[in-house]
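Working notes for the structure below.
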Amino acid sequence: MTSGSDSNVIVTRVSRDLFILRYNDLFTKYFEALWEIPEGVTYNSYLLLSDNATVLFDTWKRGLETRFLDALSSIIDIRDLNYVVIHHMEPDHSGSIKALYERNRNITFIGHPMVNRMISSFYGVVPRFKAVKDGEVLTMGSYELKFIHVPWLHWPETIVSYVTQINALLTCDVFGAYTIPKSVALDHMPSDYAASMRKYFVNIIGFYRDNVIKNLDKILNAVGNKISMILPSHGAVIEGDAVNEAINLYREFTLKTPIDRRVVLVYSSMYRFIDHIMSYVNDTLRNWGFDVVTYRFTDDERANIGNLLADTNNAVGIVLGISIYDTEPFPLMDYVINLLIKKLKGGKPILVITDYGWGDVVLKRIKSRLETAGFTIIDAISVNGIPTDKELNRINIALQSFKASL
2 MTSGSDSNVI VTRVSRDLFI LRYNDLFTKY FEALWEIPEG VTYNSYLLLS
52 DNATVLFDTW KRGLETRFLD ALSSIIDIRD LNYVVIHHME PDHSGSIKAL
102 YERNRNITFI GHPMVNRMIS SFYGVVPRFK AVKDGEVLTM GSYELKFIHV
152 PWLHWPETIV SYVTQINALL TCDVFGAYTI PKSVALDHMP SDYAASMRKY
202 FVNIIGFYRD NVIKNLDKIL NAVGNKISMI LPSHGAVIEG DAVNEAINLY
252 REFTLKTPID RRVVLVYSSM YRFIDHIMSY VNDTLRNWGF DVVTYRFTDD
302 ERANIGNLLA DTNNAVGIVL GISIYDTEPF PLMDYVINLL IKKLKGGKPI
352 LVITDYGWGD VVLKRIKSRL ETAGFTIIDA ISVNGIPTDK ELNRINIALQ
402 SFKASL
């Protein structure tokens, strides 16, 4: 159901005593002021009602405090709220802490030991606070909550919660997704939703991927592999067959497992010289049966970098076409290279082609940066302006090597 007259607010049950409070954000153009999200995003909070305790899990983004309090008030009197669990302090989840505190000073906030200081630093308030240990279990009325520390599965203070009686895992950013799901819950994993999860994972969790699988296994061991539903702070509630599908997807995302014969072409072209090269590369790879996805930075097209990273994560290989600008890689391609290094952390074969006007000055530096980060450079080729037949032949030989590596 929607809450009041605001069609972007959804408040409804997901189990007998557990409610979701969801805000559909269609207005933020750049998530974290960085990632382009025309598909939108949700902010999910959850409320558990029990005999002698009322527990809220996370809140909404800063700036939505009034709407959040209105949504919460449609279920309970805020003065009756006993506990607020903070899984992660980023303000798209903790943004209503101060407003809640000002309405009810008897609330006890629960979180990682670091969270107490962060609440004061972020919001200038010092509420009642209970620091939970890793694996600690608290009884809340007729329910038991188990808290699991998962440091660097996003930030160092990140935790997840498990409601034992209903096998519900509350995960905040973990298992989150962009998009505005048509339904509150999914019991199977459509391919388009899996793609939204992958984009969110690479954009937001990718930098921390070295910690994902060990923390995922830690969670599964802590709950005895008994999960009936996953409740993230972005996207849909995951239940039924979708639970195991989501867990398997997270492993695939982390390991960058190729999911098809996809090759991602990324290039910049100020005056369309390199377009000739990339068109040749595209046609050749397609003729060999590869699924080629192209992202361009030109005078009339600007690639969605969040989508670009998502596609490279599970591609079999990457081709970079880089024009030279002021003796450096074209700035947007330099940015892409930095993001590939930070978010993917190597593990993909890459073919690099640069195109210069008056001097080839960056190819070796680009190659060195990518190799140092763990990427395999199949070849690195430099072209001056429009490619000659000799240069196209060299590119064809490089493509043969690239194909053999995939």
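Start counting at 1 in the sequence shown, then tack on 1, and there's your number in my numbering.
Ideal Cβ placement from N, Cα and C applies to all residues, glycine included.
query, result
"Burial state of Trp-36, where buried means 16 or more other Cβ atoms lie within 10 Å", "buried"
"Expected contact under 8 Å - CB spacing of Ser-269 and Phe-298 to nearest Å", "4 Å"
"Spatially closest choice to Ile-430 from Gly-347, Gly-348, Ser-324 and Ile-379, by CA coordinates", "Given that the chain is displayed from residue 2 to residue 407, the structure contains no residue 430 and the question cannot be resolved."
"Between the CA atoms of Gly-358 and Tyr-24 - distance to the nearest angstrom", "50 Å"
"Cut-off 6 Å between Cβ atoms - residues of its own chain near Asn-414, not counting five sequence neighbours on either side", "Outside the displayed range of the chain (2 to 407) lies residue 414, so it cannot be described from this structure."
"Rounded separation between Pro-152 and Ala-304 - CA only", "33 Å"
"Simplified DSSP state of Leu-65, which is helix, strand or coil", "coil"
"Boundaries (first-last residue) of the beta strand (DSSP E) holding Phe-58", "55 to 58"
"Backbone secondary structure at Val-244 - three-state DSSP", "helix"
"Check whether Gly-177 and Pro-92 have beta carbons under 8 Å apart", "no"
"Stretch pair the stretch 121 to 134 + the stretch 168 to 186: three plus CB contacts closer than 8 Å", "no"
"At least 3 beta-carbon pairs within less than 8 Å: the stretch 164 to 172 vs the stretch 7 to 27", "yes"
"Delimiting residues of the alpha helix (DSSP H) encompassing Met-115", "114 to 124"
"N-terminal and C-terminal residue of the alpha helix (DSSP H) that Tyr-194 is part of", "192 to 201"
"Candidates Leu-70, Lys-30, Asp-52 and Phe-32, of which the one nearest Ile-11 by Cα", "Leu-70"
"Outcome for Gly-64 when other beta-carbon atoms lying within 10 angstroms are tallied against a minimum of 16", "exposed"
"Host beta strand (DSSP E) of Pro-350 (start-end)", "350 to 357"
"Runs of alpha helix (DSSP H) lying entirely within the stretch 271 to 339, each at least 4 residues, in chain order", "274 to 288 and 306 to 314"
"Those residues which DSSP pairs with Met-141 across a bridge", "Tyr-144"
"Met-230 - partner residues in DSSP beta bridges", "Ala-169 and Glu-240"
"Cβ-based neighbour list, Arg-262, same chain, cut-off 8 Å, excluding 5 preceding and 5 following", "Gly-290, Phe-291, Asp-292, Val-317 and Leu-407"
"Residues near Ile-379 by beta carbon distance below 6 Å, same chain, minus five either side", "Pro-350, Leu-352, Ser-402, Phe-403 and Ser-406"
"Any non-hydrogen atom of the ligand PLP closer than 7 Å to Lys-346 Cβ", "As presented, the structure is devoid of all ligands, the ligand PLP included, so that no description of it is given."
"Beta-bridge pairing of His-150 - partner residues as DSSP gives them", "Ile-160"
"Exposure of Asn-222, with buried meaning 16 or more beta-carbon neighbours within 10 Å", "exposed"
"Euclidean distance between Cα positions of Val-138 and Asn-308", "39 Å"
"Candidates Arg-370, Gly-322 and Lys-99: closest to Ile-342 by CA position", "Arg-370"
"Nonlocal neighbours in the same chain, by C-beta distance under 6 Å from Leu-364, ignoring five residues either side", "Thr-355, Ala-381 and Ser-383"
"Spatial neighbours of Ile-260 in its chain, beta-carbon cut-off 8 Å, leaving aside the 5 residues before and after", "Glu-253 and Asn-315"
"Chain-order list of residues whose beta-carbon lies under 8 Å from that of Lys-219 (same chain, five-residue window excluded)", "Ile-149 and Val-151"
"Exposed unless 16 or more other CB atoms sit within 10 angstroms - verdict on Ile-192", "For the sequence presented, residue 192 should be read as Ser rather than Ile. Exposed."
"Cβ pair Ala-374, Gly-347 closer than 8 Å", "yes"
"Which listed residue (Arg-118, Gly-112, Ser-75 and Ile-239) has its alpha carbon closest to that of His-88", "Gly-112"
"Endpoints, alpha helix (DSSP H) assigned at Ile-378", "Unbroken run through Ile-378 is the beta strand (DSSP E), 377 to 385; no alpha helix (DSSP H)."
"Proximity to Ser-75 [Cα-Cα], best of Val-85, Ile-108 and Leu-22", "Leu-22"
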